[in-house]
Amino acid sequence: MKAYVTLLTSDSYVPGALALGQALKDLQTEYETVILVDVKSVSPQSLEHIESIFDTVIDINDRKILAPMEEVIEKLGRPELSTAMSKLLIWALEDYETLIYLDCDTLPLRSLDALFERYADLGHNQVVAAPDIGWPDIFNSGVMILRPSLPVFEKLVGFSSQKNSSFDGADQGLLNEFFHLQGNDFSWKRLPFIFNVTPSTSYQYNPALARFWDDIHVFHFIGQQKPWFAKSGERNRIEKLWWEKFNSLKLDEKQYIHILSNKKQPPETKTGKGNWNPSTNLPSLDHLSLESNSKVFPWNHSETVEPTRVFHDTGFTDEEQHQKSTPFTLEKRSRYQSSGESLGASYGQFDDSERFDPSKALDEIAKIPLKFLSKH
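Under the UniProt record's numbering, the residues of the sequence shown are numbered 1 to 376, in order.
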């Protein structure tokens, strides 16, 4: 059995989860849509909407789901890990043969069903994911294809207890260390970037965005500035795609207001160890444009920078200014013309007795015995 799965741990991401679920429905996927929900952190009204969109809703507080994690955590004596490892629970869903995981802040534009067949031979020790735009030698954990396995899940939880198991303090750093950077029996298979496009204004991004626009399958709104946090007047083309999908939900005005009322932006790093903030490290989506390239060089911004050197009006007319100015001319000199005096003599560094005399030098060399001039 195969399925799409996502994870919801906060009311703040309910708009994203609903838009994601609706997008998968509209794409007429033939596979089940599953959502893991922390029901303690989501309002009953939000949960009702979630249940109307997704085929299966799983409470991550359910004993069946938590039992494998709690067993490993108890052995490790690290109870605090349970709050940070929610995403790892997807490896514990052994009822499914293969899963395509999507973060709640992703928006599928085209069907992903073919990926199940493309990676049919995927092993339990592998994960398929697209390169991260910030550092392409690692993968972004917002879109992944994997095969659930309790043994792998237990190793993941155990690995998470080790010192420096995550370079960013979050699940992405952990999963990269485990599947990619440790040189163990686990590996990362690269997914084309069109399946996890993270908007950016980095050099060459806009030309590529325009070139591959019709091939893009998934947009991923990384960072804390999600589309549903933006004001209506601040939407760009990519954010408008998300709003079109969200507005297609059958919600009355009261429901609409309730879902969008929670503006609290949860931290990207749940462990508290990381200090990388995507909202400040990544450029704003507002600067993205399919029509023109981004201004990436300093001189591209000259028209928007206040001048630092200002020449004030002297009050003189052009004629008065010309009369007051003193003409300055340079005497044209031949490139071979000499001043007649060496530079050393000009600065008093050498007297005439120290000047090099070629004839005298030859006389001195003639006095040297031949044996000292031999090659041997």
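Here a beta-carbon is modelled for each residue, glycine too, at the ideal position from N, C-alpha and C.
- Query: Is there contact here, the stretch 116–131 with the stretch 186–194, by at least three beta-carbon pairs under 8 Å?
  - Reply: yes
- Message: Let me check understanding here. Comparing Cα to Cα, which of Trp213, Asp132, Glu30, Lys245 lies closest to serine 111?
- Response: Glu30
- Can you tell me whether lysine 332 is buried or exposed, with buried defined as 16 or more other CB within 10 angstroms of its CB? Note on lysine 332: pLDDT 48, under 50, position unreliable in the model; the coordinate value appears next. Exposed.
- From Leu260, Lys245, Ile257, Tyr256, residue whose alpha carbon lies closest to that of aspartate 26: Lys245
- Item | Spatial neighbours of alanine 230 in its chain, beta-carbon cut-off 7 Å, leaving aside the 5 residues before and after | Glu239
- Going by alpha carbons, who is nearest to glycine 223 out of Lys2, Gln22, Gly134? Gly134
- Item | Bridge-paired residues (DSSP) for serine 187 | Gln126
- Task: Use the C-beta contact count for serine 141: other C-beta atoms within 10 angstroms, 16 or more gives buried, fewer gives exposed.
- Result: buried
- Query: So, helix, strand or coil for phenylalanine 221, using DSSP?
  - Reply: coil
- Residues bridged to leucine 37 (per DSSP): Note that residue 37 is valine in the sequence shown, not leucine. DSSP output for valine 37 lists Leu8, Asp59 as bridge partner(s).
- Hey, could you find the ends of the beta strand (DSSP E) tyrosine 31 is sitting in? Tyrosine 31 -> no beta strand (DSSP E), and no H or E assigned at all.
- Query: Are cysteine 104 and glycine 21 close, meaning C-beta to C-beta below 7 Å?
  - Reply: no
- Does the distance from the C-beta atom of leucine 99 to that of valine 37 stay below 7 Å? no
- Give the straight-line distance between the Cα atoms of valine 39 and proline 207, rounded to the nearest whole angstrom. 43 Å
- Message: To the nearest angstrom, how far is the alpha carbon of lysine 270 from that of phenylalanine 159?
- Response: Note on lysine 270: pLDDT 42, under 50, position unreliable in the model; the coordinate value appears next. Distance between the alpha carbons of lysine 270 and phenylalanine 159: 17 Å.
- Message: Going by DSSP in three states, proline 108 sits in which element: helix, strand or coil?
- Response: strand
- Please work out which residues of its chain come closer than 8 Å, Cβ to Cβ, to tryptophan 242, disregarding the five sequence neighbours upstream and downstream, and give them in chain order. Ala19, Leu107, Phe219, Phe221, Pro227, Trp228
- Thinking valine 143 and leucine 102 are a contact (beta carbons under 8 Å), I'd like their distance in whole angstroms, please. 6 Å
- Query: Buried or exposed: which applies to lysine 254, given that a residue is buried once 16 or more other Cβ atoms fall within 10 Å of its Cβ?
  - Reply: exposed
- In three-state DSSP terms, what is glycine 158? helix
- Message: Below 8 Å on the Cβ atoms is my contact criterion, and I expect tyrosine 96 with lysine 2 to pass it. Report the Cβ-Cβ distance as a whole number of Å.
- Response: 6 Å
- Message: Let me check one thing: in DSSP terms, what residues is methionine 144 bridge-paired to?
- Response: Tyr101, Ala129
- Task: Whole angstroms is fine: what's the gap from proline 283's alpha carbon to tyrosine 13's?
- Result: With a pLDDT of 48 at proline 283, under the threshold of 50, the modelled position of this residue cannot be trusted, and the question is left open.
- Message: Taking only three categories from DSSP, how would you classify asparagine 275?
- Response: Unreliable placement is indicated for asparagine 275, whose pLDDT of 42 sits below 50; the coordinate value is still reported in the next sentence. If DSSP states are grouped into helix, strand and coil, asparagine 275 belongs with coil.
- Query: Which value, in whole angstroms, describes the spacing of the CA atoms of serine 46 and leucine 93?
  - Reply: 24 Å
- Message: According to DSSP, simplified to helix, strand and coil, what is glycine 16?
- Response: helix
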